[in-house]
Amino acid sequence: GVEQLTRVTPSMLKAHNKRDDAWSAFNGKVYNITHYLPYHPGGEKELLRVAGRDGTKLFSLTHAWVNVDYMLDGCLVGFLVPES
Ligand code: HEM
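Numbering (the numbering used here), first residue to last: 1 to 84.
Right under this line is the structure:
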């Protein structure tokens, strides 16, 4: 349930910026994108640009019509919150 989801700060997000451990935030939600990387139609390299950071802007510039919430539902880590 939603109550078990982690609150992720930007510095926590930044710790997951590797090919084998990649998190990214889209519209306030943090996803573990590691396992999706090989399946991204735009390629791994493009998607890795947002590893460890907020990808909302780049995502909406490239394909605002794609539904991340639906596609990465099982990869949801938690919510992006301000640095404490
Ligand atoms: C294409 C998903 C993040 C760059 C696509 C497509 C999907 C997708 C479904 C095909 C769209 C279509 O043909 O209409 C995702 C998901 C993302 C994500 C679920 C988040 C986890 C990103 C980011 C970037 C990016 C952050 C840019 C840095 C691209 C590009 C294409 C593409 C350039 C076009 C590839 C082509 O048509 O040759 N992505 N994407 N994507 N994506 Fe992403």
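Using N, Cα and C, we set each Cβ at its ideal position, and we do this for glycine too.
As the structure is a prediction and not an experimental result, all values here were calculated from the model.
Is the CB-CB distance between residue i and residue j below 8 Å?
i   : j   : result
K29 : L61 : no
F26 : G55 : yes
V68 : V8  : no
D21 : T6  : no
L37 : E46 : no
Going by alpha carbons, who is nearest to residue i out of the options?
i   : options               : result
R87 : H16, T9, V8 and R7    : In this structure the chain extends from 1 to 84, so residue 87 is not present and cannot be described.
L72 : H40, V8 and M12       : H40
P10 : Y70, Y36, G74 and Y31 : Y31
Q4  : G78, R19 and L47      : G78
Any Cβ of chain D within less than 8 Å of the Cβ of residue i?
i   : result
W65 : Protein chains in the displayed structure number just one, and chain D is not present.
Open item on the list: Give the list of continuous beta strand (DSSP E) stretches no shorter than 3 residues that lie fully inside the segment 4-57.
Closed with: 6-8, 21-26 and 29-32
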